[in-house]
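Reading the sequence shown from the start, the letters are residues 2 to 424 in this note's numbering.
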Amino acid sequence: MAETQDFQALDAVTLPARLGDNPAMRAALGSDASSWRVREVGDGNLNLVFIVEGDKGTVIVKQALPYVRLVGDSWPLPLKRSFFEYHALKRQAERDPGMVPEILHFDEAQALIVMEFLSPHIILRQALINGQQLPRIGRDLGLFLARTLFRGSDFSMPTKARKTDLALFADNVELCDITENLVFSDPYFDARMNRHTSPQLDGIVAELRADRDMKVVAQKMKHLFAANAETLLHGDLHTGSVMVTMDETRVIDPEFAFYGPMAFDVGMLLANFWMNFLAQAGHEEAGSRDGMRAYLLDVIEQIWSSFTDEFTQLWRTERKGILYETRLFEDRGDALGAEQALDMVLHDIFVDALGFAGVEMHRRILGLAHNADFETIADPNLRARCETKALKLGRHIAVNRHAIHSIAEVNKLAVRLEKEFVR
């Protein structure tokens, strides 16, 4: 592959020598590269991630690899995904300032990004598994969703700028292909890289793979994902893509960014909170997690309410694009018409988000890439009971999404399932 001819993967030994003359690195760390301390900390599916400490400070160096790290070089991937991550981070920083790490340097040929080191932040997923109740995350994530999704769309952007952006991100083909297969199709048949807690889940897995209604819904959601280029998405927004302290929330890792349906980011994020809720029974070694469960349900409500409140505010103040033009409504004294259109748009996002959330719950249990909410439950029988409840919730909200009217309704179903005895 031409793009990898001059590419060289970094490691903890070679990084100081290779990046020691970089002005951004020297400014952030100090000019003596021989004194830099380097740790490789990447635990994700795709990339190398290094923490580099110097006399003046600390940075993160993230480098793409020409293959899927989780699988190995038998699954090649283009290095250009770092290009899309860089451009997505720049746009997210403009659309919701302070919510993503600051970029210090980007090297397209070496597929690496040098960025702000977030400390003492930890990954949100781990914080929730640990039982931490963070006061800001619901509001912060709802605002991030509303601001990035609205401001990257034809509701807000000049049409030429949006179409130029659409063309740029349309080339993120290989990462979209991962989502299109691993999320929407592979969980519903015996795909080669699938795995699940076996034999405990064998029965319900067979049921889902024979469930015509669920498979049709999954393909409907795939259809929307592939064909509905509404806005620039993060593309992989889950609790592992958020870093937190008690006072701050930051969103990371948008290398899957592309133009798709607004509801995708919303549904994927909500699904991960519902999964964490249903996994809490597997993390009660130190006592009851009832308080944590109540907190998680409240966070889910906060995400949706802050998203809709901010989206509404942006609709009323920043709707300058080609869709639902003010010259058809407010400029003609018809503010009620604009509000009717807003209600329709938010309703469609809600319904589609439930579909995406249901599919996400299935793929995290049945597909290749699982999450720590369930995977860190050591007892396979207990883990399978938690996973079964999530599979049931995912199926219900996806198939019945048009008949569900509120987040509270989904939360009540999650509570009923959580209390249900599963052998």
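Idealized CB from N, CA, C, for every residue including glycine.
Look at residue 417 here: in three-state DSSP terms it is helix.
For residue 108, the enclosing beta strand (DSSP E) stretches over residues 104-108.
Under the DSSP definition of a beta bridge, residue 51 partners with 41 and 62.
Nearest in C-alpha terms to residue 323, of all of 180, 377, 156 and 300, is 156. Judged by DSSP secondary structure, residue 77 falls within the beta strand (DSSP E) whose first and last residues are 73-77. In the displayed model, residue 369 falls within coil according to three-state DSSP, outside both helix and strand. The closest CA to that of residue 202, considering only 400, 381 and 177, is found on 381. Between residue 293 and residue 134, the C-beta spacing is below 8 Å.
A straight line joining the alpha-carbon of residue 130 with that of residue 18 spans about 38 Å. For the pair of segments examined, the region 23-37 was found to touch the region 48-66: the number of CB pairs separated by less than 8 Å reaches three. Note on geometry: alpha-carbon atoms of residue 161 and residue 320 lie some 16 Å from one another. Nearest to residue 228 by alpha-carbon distance, out of 207, 192, 200 and 177, is 177.
The DSSP-derived three-state label of residue 36 is helix. Secondary structure note for residue 194: it is in no beta strand (DSSP E), with a DSSP letter that is neither H nor E. With the rule of 3 Cβ pairs closer than 8 Å, the region 351-370 counts as touching the region 186-203.
By the Cβ rule, the region 279-296 does not count as touching the region 252-271, because fewer than three pairs are nearer than 8 Å. Judged by DSSP in its simplified three-state form, residue 14 adopts coil rather than helix or strand. Rounded to whole angstroms, residue 222 and residue 173 show a C-alpha spacing of 19 Å.
Judged by their CB atoms, residue 230 and residue 354 are not nearer to each other than the 8 Å cut-off. Between residue 23 and residue 106, the beta carbon gap of about 6 Å places them in contact (Cβ cut-off 8 Å). For the alpha helix (DSSP H) assignment, the uninterrupted runs of no fewer than 4 residues enclosed by the region 323-377 are, from N- to C-terminal side, 336-367 and 373-376. Taking 8 Å as the cut-off, the beta carbon of residue 307 is found no closer than this to the beta carbon of residue 232. Between the region 141-153 and the region 88-99 there are three or more C-beta pairs closer than 8 Å, enough to call the two in contact. Within the model, the alpha-carbon separation for residue 86 versus residue 142 is close to 19 Å. Residue environment analysis places residue 318 among the exposed positions, since fewer than 16 neighbouring C-beta atoms fall within 10 angstroms of its C-beta. Residue pairing by DSSP puts residue 244 in a beta bridge opposite 124 and 251. In the three-state reduction of the DSSP assignment, residue 117 falls in the strand class. Annotation for residue 139: the continuous alpha helix (DSSP H) segment containing it runs 138-152. Distances from the alpha-carbon of residue 280 to those of 419, 119, 397 and 414 put 419 closest. In terms of Cβ geometry, residue 218 and residue 395 do not form a close pair [threshold 8 Å]. DSSP, read as helix, strand or coil, puts residue 198 in coil. Excluding sequence positions up to five before and after residue 36, its CB lies within less than 7 Å of the CB of 55 and 56, all in the same chain and listed in chain order.
In this structure, the straight-line span from the alpha carbon of residue 171 to that of residue 214 is close to 30 Å. Shown here, residue 234 sits in a strand according to DSSP, grouped into three states. Distance from the Cα of residue 239 is smallest, within the candidate group 247, 275 and 261, for 275. Counted as a single uninterrupted DSSP element, the stretch harbouring residue 156 is not any alpha helix (DSSP H), since DSSP gives it neither H nor E.
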